[in-house]
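The structure under discussion appears below in the form of structure tokens.
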Amino acid sequence: MYYHYWGLEKPPFDNVPDPSMYVDCHSSMENAIAESLFAIEEGNECIAVIVGDVGLGKTLSLRMIIDSLDQEKYKLVLITNPGITFIQLLKEIIGQLTGEQCERSRKLELLEIFNKILFETIDEGKKVLIFIDEANAIRPTNLESLRLLTNMQDDQRNLFSMVLAGQVELARRLEHPRRANLFQRIGTYCVIDKIQSEMLVKTYVETRLKLAGGTKQIFTDDAFEPLWKYSEHGVPRLINKICKLSLKAGETNGFDVIDGKAVEEIGHRFEKVTAPAVQKRKPRKRSVEAAVPDRIHDDSVVITYKKADDGAGDAHSEKDSKTGKQKGSKRFAKGPVALVEKERKPKPRLKSPKKTVSKVSDVPAVTALPSENQPMEVTIGGTTITITIPVDVIERARRANGEYRLKLAGVLAAEALKQNPKLVASHLADPVNIWGELREFFLALFGSEKQVNIM
Numbered sequence: 000m001y002y003h004y005w006g007l008e009k010p011p012f013d014n015v016p017d018p019s020m021y022v023d024c025h026s027s028m029e030n031a032i033a034e035s036l037f038a039i040e041e042g043n044e045c046i047a048v049i050v051g052d053v054g055l056g057k058t059l060s061l062r063m064i065i066d067s068l069d070q071e072k073y074k075l076v077l078i079t080n081p082g083i084t085f086i087q088l089l090k091e092i093i094g095q096l097t098g099e100q101c102e103r104s105r106k107l108e109l110l111e112i113f114n115k116i117l118f119e120t121i122d123e124g125k126k127v128l129i130f131i132d133e134a135n136a137i138r139p140t141n142l143e144s145l146r147l148l149t150n151m152q153d154d155q156r157n158l159f160s161m162v163l164a165g166q167v168e169l170a171r172r173l174e175h176p177r178r179a180n181l182f183q184r185i186g187t188y189c190v191i192d193k194i195q196s197e198m199l200v201k202t203y204v205e206t207r208l209k210l211a212g213g214t215k216q217i218f219t220d221d222a223f224e225p226l227w228k229y230s231e232h233g234v235p236r237l238i239n240k241i242c243k244l245s246l247k248a249g250e251t252n253g254f255d256v257i258d259g260k261a262v263e264e265i266g267h268r269f270e271k272v273t274a275p276a277v278q279k280r281k282p283r284k285r286s287v288e289a290a291v292p293d294r295i296h297d298d299s300v301v302i303t304y305k306k307a308d309d310g311a312g313d314a315h316s317e318k319d320s321k322t323g324k325q326k327g328s329k330r331f332a333k334g335p336v337a338l339v340e341k342e343r344k345p346k347p348r349l350k351s352p353k354k355t356v357s358k359v360s361d362v363p364a365v366t367a368l369p370s371e372n373q374p375m376e377v378t379i380g381g382t383t384i385t386i387t388i389p390v391d392v393i394e395r396a397r398r399a400n401g402e403y404r405l406k407l408a409g410v411l412a413a414e415a416l417k418q419n420p421k422l423v424a425s426h427l428a429d430p431v432n433i434w435g436e437l438r439e440f441f442l443a444l445f446g447s448e449k450q451v452n453i454m
């Protein structure tokens, strides 16, 4: 085996959550372990949360917590596939606690069985602990069900504790205002970051080599600068992969040591092979063009998109071969939201309101009201943006049917989201929720869900 070539007793850089290979140079991980143990052993907390991006050590943290506990005091459950129904989740928990497959399938029966197990465990002088890895895969409805489970407690103490570990998506869900009741029940809330410096990466690598039985220097001092670079500045999973490949390359080529040049070459090749996974992930942009048709049809009006500029047209549009006139572009306007109606007279469905807008009530966070084509300032998720929409478009929308208004509000919300990327600049911002708030604003403006006073 390649590690025998280097005088090692076992692989030092396998990406498995082996507690025997833990290195205490990763401060945020150490804090997460210590605080979670406090929540379980002393804090009498019902929920502890560990959040971190991929490859930072969440699973290893759970293993370290479990190994640090007095096994005589607890009954443990470890869930690694939480993306299942709540019924399946309860059956898995009960099965691990009893050591037998649970055959019941009714939710009420399962809750009764679980409650009975909790009190039996307390009578034995123990406590139930439930660890859920990859908790970002938990369905949103199941988060609420897990919250309801925490109501199973007596007057003096929690009958069980849960430790949830997951990616940043878990944090987004837990911190959503709709789950404030769940978030307030979290006893400790820890975030795992990268290993913080090149020097600590060196400590990490050399310590793992010693834990694997190494007695000599294998990586030279100049190897850690490229290792720091190609590991995205301290991602443990990437450090392990690059180091393992370097050791294998060293064995293949008969190297005495692994120097900076070897690590640079391995890291560069690794980056090319797995660029989509290694590169720092950017926030995913929602494609408005793909999600929304370039036209909206209904019985009374056909609306197309046009650039909100001086009327010069889109540089990417084409000229009609017969008339020589510029064709309308299907690209969305880059300026404020602007919709232009084709030259067809709408068939009014409802009595037309007066055209002067002087007051809007019950519309979320409107600080400036539309007057003719003046822009409106709207606050969404704590961020203020400016939206321009012609008053006649609002009036036509109010005369149209509900299905049309819903489609139009969705298009306007998607376009506003596209034009204002700062709305989703935060890593905690959920583009779907932001789009939904924008759509609700436009629906309210059209008088669909909340009446807008047009005077």
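So for the sequence shown, numbering that gives the first Met the number 0 puts the first residue at 0; every next one is plus one.
C-beta: ideal position from N, C-alpha, C; glycine also.
Given a cut-off of 8 Å on the beta-carbon distance, is the pair I191 and M28 in contact? The criterion of a C-beta distance shorter than 8 Å is satisfied by I191 and M28.
Beta strand (DSSP E) containing S160: first to last residue? From DSSP, the beta strand (DSSP E) with S160 extends over 159-165.
Given this structure, state the Cα-to-Cα distance separating V167 from D23, to the nearest angstrom. Rounded to the nearest whole angstrom, the C-alpha separation of V167 and D23 is 23 Å.
For A47, which beta-bridge partners are listed by DSSP? Bridge partners of A47: V162, T187.
Can you give me the C-alpha to C-alpha distance between A31 and M198, rounded to a whole angstrom? It is roughly 21 Å from the alpha-carbon of A31 to the alpha-carbon of M198.
Please classify P81 as buried or exposed, where buried requires at least 16 neighbouring CB atoms within 10 angstroms. P81 comes out buried.
Compute the Euclidean distance between the alpha carbons of E41 and S35, then round it to the nearest angstrom. Each residue's CA atom was taken as its position, placing E41 and S35 some 10 Å apart.
Would a C-beta distance cut-off of 8 Å place P235 and G56 closer than the cut-off? Yes, the pair counts as a contact, with Cβ atoms nearer than the cut-off.
Pick from D429, A428, V431, F445: whose alpha carbon is nearest that of G401? Out of D429, A428, V431, F445, F445 has the C-alpha closest to the C-alpha of G401.
DSSP puts Q195 in a beta bridge; with which residues? Beta-bridge analysis with DSSP links Q195 to no other residue.
With 16 as the cutoff for other CB atoms within 10 Å, does P139 come out buried or exposed? Its Cβ having fewer than 16 others within 10 Å, P139 is exposed.
I think E394 touches T383, with their Cβ atoms under 8 Å apart; what is that distance to the nearest whole Å? About 26 Å; that fails the 8 Å criterion.
Is Q418 helix, strand or coil by DSSP? In the three-state reduction of the DSSP assignment, Q418 falls in the helix class.
C-beta contact flag for D132 and T58 at 8 Å: At the C-beta level, D132 and T58 come within 8 Å of one another.
Nearest by alpha-carbon distance to A164: which of F130, Q195, N150, Q183 is it? The option with the nearest alpha carbon to A164 is F130.
Going by beta carbon distance, what residues of the same chain come within less than 6 Å of L75, once the five residues before and after it are set aside? Here L75 has L128 as same chain residues with Cβ atoms under 6 Å from its own Cβ, once five neighbours each way along the sequence are excluded.
Grab me the residues of N239's own chain with a C-beta within less than 6 Å of its C-beta, minus the 5 sequence neighbours each way, in chain order. So the list reads F12, N14, once near-sequence residues are dropped.
According to DSSP, is K125 part of a helix, a strand, or is it coil? DSSP, read as helix, strand or coil, puts K125 in coil.
Quick one: Cα of K115 to Cα of L109, how far? One C-alpha to the other measures close to 10 Å.
Considering only residues of the same chain and omitting the five flanking positions on each side of G266, which have a CB-CB separation below 6 Å? Taking G266 as the centre and dropping the five residues before and after it, the same chain places the C-beta of P225, Y229, I241 closer than 6 Å to its C-beta, in chain order.
Report buried or exposed for P369, applying the criterion of at least 16 other Cβ atoms within 10 angstroms of its Cβ. Its pLDDT being 49, under 50, P369 is placed unreliably by the model, and nothing is read from it.
How long is the line joining the alpha carbons of D61 and H25, rounded to whole angstroms? Checking the sequence shown, residue 61 turns out to be Leu, not Asp. So the two alpha carbons sit approximately 15 Å from each other.
Would you tell me roughly how many angstroms separate the C-alpha atoms of S104 and Q155, rounded to the nearest one? So the alpha carbons of these two residues sit roughly 31 Å apart.
Candidates D66, G94, L173, of which the one nearest I78 by Cα: Answer by Cα proximity: G94.
Spatial distance of V53 from G213 (CA atoms): Cα to Cα, V53 sits roughly 28 Å from G213.
Mind checking who K74 pairs with in its DSSP beta bridge? Within the DSSP secondary-structure output, K74 pairs in a beta bridge with V127.
Would L145 pass as an interface residue toward chain C - the criterion being a Cβ-Cβ separation below 8 Å? No chain C is present in this structure, which holds just one protein chain.
Is F254 helix, strand or coil when you go by DSSP? The answer is coil: DSSP assigns F254 none of H, G, I, E or B.
Could you tell me the boundaries of the alpha helix (DSSP H) in which E174 lies? E174 -> no alpha helix (DSSP H), and no H or E assigned at all.
With the cut-off set at 8 Å, would you say V204 and F218 are in Cβ contact? Yes, these two residues count as a Cβ contact at 8 Å.
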